[in-house]
Amino acid sequence: MLVFSELASLRVVRDLRDTDMDSYSDPFCVVSETNAGMARSRVWSEIGRTEVINNCLNPDWATKIRAIYYFEEQQRLLFEVFDKGTGKERTRIGSATLLLHEIVGAKYNRKTAKLFDEGKHYGNLTVSAEEIGEGRQESVYFICSATKLDRKDFLGKCDPFLKISRINQDNTYQLAYRTRYHEQNLNPKWKPFEIHINQLCYGDKDREFLIECYDWDQDGNHDLVGSCRTTVNRLIKKIDTTLPLINEKKAKKSKKYIDSGQLHFHKVYCWMDYSFLDFISAGTELEFTVAVDFTKSNLPTDDSSSLHRVDDENANQYEIAIRSIAEICQYYNRSQIFHAYGFGARLPGDNLVHFNFPLNTETNNPDCHGIDGLHEAYVAALNTVQLSGPTDFAPTIRFAARQAAALPDDGTKYSVLLIITDGVINDMSRAKEEIVKASSLPLSIIIVGVGYDSFEEMKVLDSDNQMLCSNGKYAKRDIVQVVHVNTNSLQVPSQLTGYMKSKGIFPSNIPRPQDSPQHCRTTIEGGSGRGSERVRRLLPAVPCQDVQQMHIH
Numbered sequence: 001m002l003v004f005s006e007l008a009s010l011r012v013v014r015d016l017r018d019t020d021m022d023s024y025s026d027p028f029c030v031v032s033e034t035n036a037g038m039a040r041s042r043v044w045s046e047i048g049r050t051e052v053i054n055n056c057l058n059p060d061w062a063t064k065i066r067a068i069y070y071f072e073e074q075q076r077l078l079f080e081v082f083d084k085g086t087g088k089e090r091t092r093i094g095s096a097t098l099l100l101h102e103i104v105g106a107k108y109n110r111k112t113a114k115l116f117d118e119g120k121h122y123g124n125l126t127v128s129a130e131e132i133g134e135g136r137q138e139s140v141y142f143i144c145s146a147t148k149l150d151r152k153d154f155l156g157k158c159d160p161f162l163k164i165s166r167i168n169q170d171n172t173y174q175l176a177y178r179t180r181y182h183e184q185n186l187n188p189k190w191k192p193f194e195i196h197i198n199q200l201c202y203g204d205k206d207r208e209f210l211i212e213c214y215d216w217d218q219d220g221n222h223d224l225v226g227s228c229r230t231t232v233n234r235l236i237k238k239i240d241t242t243l244p245l246i247n248e249k250k251a252k253k254s255k256k257y258i259d260s261g262q263l264h265f266h267k268v269y270c271w272m273d274y275s276f277l278d279f280i281s282a283g284t285e286l287e288f289t290v291a292v293d294f295t296k297s298n299l300p301t302d303d304s305s306s307l308h309r310v311d312d313e314n315a316n317q318y319e320i321a322i323r324s325i326a327e328i329c330q331y332y333n334r335s336q337i338f339h340a341y342g343f344g345a346r347l348p349g350d351n352l353v354h355f356n357f358p359l360n361t362e363t364n365n366p367d368c369h370g371i372d373g374l375h376e377a378y379v380a381a382l383n384t385v386q387l388s389g390p391t392d393f394a395p396t397i398r399f400a401a402r403q404a405a406a407l408p409d410d411g412t413k414y415s416v417l418l419i420i421t422d423g424v425i426n427d428m429s430r431a432k433e434e435i436v437k438a439s440s441l442p443l444s445i446i447i448v449g450v451g452y453d454s455f456e457e458m459k460v461l462d463s464d465n466q467m468l469c470s471n472g473k474y475a476k477r478d479i480v481q482v483v484h485v486n487t488n489s490l491q492v493p494s495q496l497t498g499y500m501k502s503k504g505i506f507p508s509n510i511p512r513p514q515d516s517p518q519h520c521r522t523t524i525e526g527g528s529g530r531g532s533e534r535v536r537r538l539l540p541a542v543p544c545q546d547v548q549q550m551h552i553h
């Protein structure tokens with residue numbers, strides 16, 4: 001078996017060509033990796049090889065081959081099967097290539113490919129992927145705020161942040177986590193955060209840890225507002241829901257001193273650290289929707305500077321963005337159906353500016369099969385619509401939110417909205433409002449900027465520093481990522497797991513399609529060749545209504 005993110009297991013080859021004259025072949029497999037691209041420019045690097053199994057045409061290898069999995073990259077794997085000869089001699093039986101995304105996104109993380117050599121079929125290779133690591137780590141997740149903090153700045157209020165520290169065996173302190181600071185706020189509400197329980201209290205839920213509230217200063221000399229101590233169990237059992245922040249220096253100076261503010265714990269839960277791959281393995285699928293900007297700031301398609309200009313020589317930036325992200329997402333939905341819309345254009349025979357119109361304008365059907373179908377719909381729309389404006393996001397986000405709200409609430413589906421745009425957003429306040437409303441739904445929004453603008457204004461929608469706020473209401477979690485077309489780092493995995501945690505959905509809770517017994521997932525350990533059902537380490541799910549406000553980043 002080959003095991004692949006720290007992933008993977010190569011398993012079972014059937015009906016190999018026999019290359020030995022007087023016995024069966026002695027097969028082994030060499031696995032190499034490269035980034036996907038033009039075949040002529042690929043450079044393969046070996047990442048591992050299996051043991052040799054003597055006299056066997058149906059080998060089941062025990063060797064685990066490790067590869068690091070990246071959601072945002074196209075990782076191509078080459079599997080070469082050889083027959084071991086005498087000494088260093090070997091005879092090539094056949095080879096196959098697969099994308100790691102194909103294996104991870106396949107049912108039960110298992111993919112079968114045909115082995116070919118010089119155009120002839122010489123057997124089948126089955127590869128399965130299994131996430132491996134050092135075991136699950138338990139973490140503690142906090143949602144907390146403070147009220148009535150002391151003013152620390154002469155001209156301002158307070159820029160508070162929290163430091164959470166473990167109390168070591170020798171009563172020294174080890175920093176476990178630091179929140180971001182809130183500017184000019186005496187009643188801050190911090191973005192939810194997580195701390196591994198070993199870093200917090202050596203895994204002992206009855207061991208105290210220290211929480212300090214500081215006023216941030218640019219010169220690094222942060223002023224202590226106050227501190228308190230508690231334990232994980234006291235927080236989970238809601239014994240400690242509000243704690244006074246005590247400043248010992250102030251307490252010694254005045255007998256009338258009470259506290260320097262209060263720290264409130266709204267939600268505290270312990271969770272196992274399930275990964276994106278755990279949910280994909282359990283059956284979660286991505287529903288992918290693309291929304292293309294057809295506003296006139298892109299310039300007409302017959303203009304050589306148009307961002308929508310299509311020619312046979314070079315792909316435009318919209319085509320690059322669509323293809324690069326769709327190539328990743330397609331493997332996490334077995335139907336490979338993409339929902340494609342446009343916004344900011346006038347349709348034939350209609351003088352109105354439309355938002356959320358299907359790119360398939362003739363059929364009025366937004367569904368496109370595969371990347372080629374998505375690209376064909378985009379090109380067809382370019383030939384039929386009239387670029388207009390304005391660049392409004394709110395209708396598109398509202399529409400995507402309705403779609404996400406209609407998905408099952410059992411974790412089987414998660415929606416990804418890709419907005420590709422070239423310019424400054426014209427309805428920022430309404431877009432913020434729609435994002436905040438949608439932040440509790442199974443939805444991630446990727447805003448890809450094309451062209452030459454900096455898109456700094458649009459980054460306000462990305463809650464990297466603090467939770468997005470609209471009309472006094474804060475987003476439940478961060479669901480937006482703003483990137484340039486050349487950026488290859490996507491936050492979908494962390495946003496998906498954050499949603500699952502906020503709803504109390506564990507991988508074991510996700511319903512599987514009914515299958516025959518022979519399709520049950522197995523893992524082969526060591527060299528015995530015996531299969532055993534994969535066992536997950538689980539904690540009971542927290543009731544959904546108790547974690548609606550939770551966000552994990």
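Note that full-length UniProt numbering gives residue 31 to position 31 of the sequence shown, counting from 1, and the numbers run on in steps of one. For each residue, glycine too, the CB sits at the ideal point set by N, CA and C. This one's a predicted model, so the numbers in the text were calculated from it and none came from an experiment.
query                                                                                                                                                           : result
With Ala291 as the anchor, note down where its beta strand (DSSP E) starts and where it stops.                                                                  : Glu285 to Asp293
Could you compute how far the alpha carbon of Gln491 sits from the alpha carbon of Leu100?                                                                      : 18 Å
According to DSSP, is residue 592 helix, strand or coil?                                                                                                        : Nothing can be reported for residue 592: it is not among the residues displayed for the chain, which extend from 1 to 553.
Suppose contacts are defined by Cβ-Cβ distances below 7 Å. Is Phe343 in contact with Thr396 by that definition?                                                 : yes
Please confirm whether Lys64 has its beta-carbon closer than 7 Å to some beta-carbon of chain D.                                                                : The chain labelled as chain D is not found in the depicted structure, where only one protein chain is given.
Indicate the three-state DSSP secondary structure (helix, strand or coil) for Gln336 in the structure shown.                                                    : coil
Determine contact between the region 376-392 and the region 301-314, defined as no fewer than three beta-carbon pairs at a distance below 8 Å.                  : yes
Alpha carbons only, please: which of Ala96, Val81 and Leu98 is nearest the one belonging to Arg90?                                                              : Val81
On the DSSP bridge list, what partners appear for Leu78?                                                                                                        : Ser32 and Thr97
Thinking just about the alpha-carbon of each residue, which of Phe276, Lys256, Asp453 and Tyr202 is nearest to the one in Gly411?                               : Phe276
Would you decide whether His182 is buried or exposed? Buried here means 16 or more other CB atoms lie within 10 Å of its CB.                                    : buried
Span of the beta strand (DSSP E) holding Asp215?                                                                                                                : Phe209 to Asp215
Output the residue ranges of the alpha helix (DSSP H) runs that lie fully inside the region 231-308 and measure 4 residues or longer, sorted by chain position. : 232-236, 248-253 and 276-282
Is DSSP giving Ala475 helix, strand or coil here?                                                                                                               : coil
Tell me, to the nearest whole angstrom, how far the beta carbon of Leu417 is from that of Ala400; I am working on the premise that it is less than 8 Å.         : 4 Å
Measure the C-alpha to C-alpha separation of Ala146 and Gln184 and round it to an integer number of angstroms.                                                  : 13 Å
Would you decide whether His369 is buried or exposed? Buried here means 16 or more other CB atoms lie within 10 Å of its CB.                                    : exposed
Apart from the five residues on each side of it in sequence, which residues of its chain come closer than 6 Å, Cβ to Cβ, to Gln330?                             : Gln336
Strictly by DSSP, which residues pair up with Glu138?                                                                                                           : Met272
Suppose the cutoff is 7 Å on Cβ atoms and the five residues either side in sequence are ignored; what does the same chain contact list for Tyr177 look like?    : Ile164, Phe193 and Ile195
Assuming Arg76 and Thr34 form a contact by the criterion Cβ under 8 Å, report the distance between their Cβ atoms to the nearest whole angstrom.                : 5 Å
Mapping the DSSP letters down to three states, classify Leu224 as helix, strand or coil.                                                                        : strand
Is it buried or exposed for Leu175, if we count other Cβ within 10 angstroms and need 16 for buried?                                                            : exposed
How do the region 465-473 and the region 418-437 stand: do at least 3 beta-carbon pairs fall below 8 Å, yes or no?                                              : yes
Hey, Arg49 and Phe28 are a contact pair by Cβ (cut 8 Å); roughly how many whole angstroms apart?                                                                : 6 Å
What's the gap between the Cα of Ile258 and the Cα of Cys228?                                                                                                   : 13 Å
Can you give, in chain order, each stretch of the beta strand (DSSP E) that sits fully within the region 320-373 and has at least 3 residues?                   : 337-346, 353-358 and 367-369
Could you check if Asn109 is buried or exposed, using at least 16 other CB atoms within 10 Å of its CB as the buried criterion?                                 : buried
Between which two residues does the alpha helix (DSSP H) holding Cys501 run?                                                                                    : Inspection of the sequence shows that residue 501 is occupied by Lys rather than by Cys. Taken as a continuous stretch (DSSP letters only), the alpha helix (DSSP H) holding Lys501 covers Val492 to Ser502.
Determine the contact status of Phe321 and Val448, defining contact as a CB-CB distance below 7 Å.                                                              : Looking at the sequence itself, residue 321 is Ala, so the reference to Phe does not match. Yes.
What span of residues does the alpha helix (DSSP H) with Phe399 cover, start to end?                                                                            : Ala394 to Ala405
Starting from the Cα of Gly94, find the closest Cα among Glu72, Lys256 and Lys120 and give me that residue.                                                     : Lys120
By DSSP, does Ser463 sit in helix, in strand, or in coil?                                                                                                       : coil
So what does DSSP say about Gln199, is it helix, strand or coil?                                                                                                : helix
What residue range does the beta strand (DSSP E) around Val436 cover?                                                                                           : Run containing Val436: none in the beta strand (DSSP E); it sits in the alpha helix (DSSP H), Met428 to Ala438.
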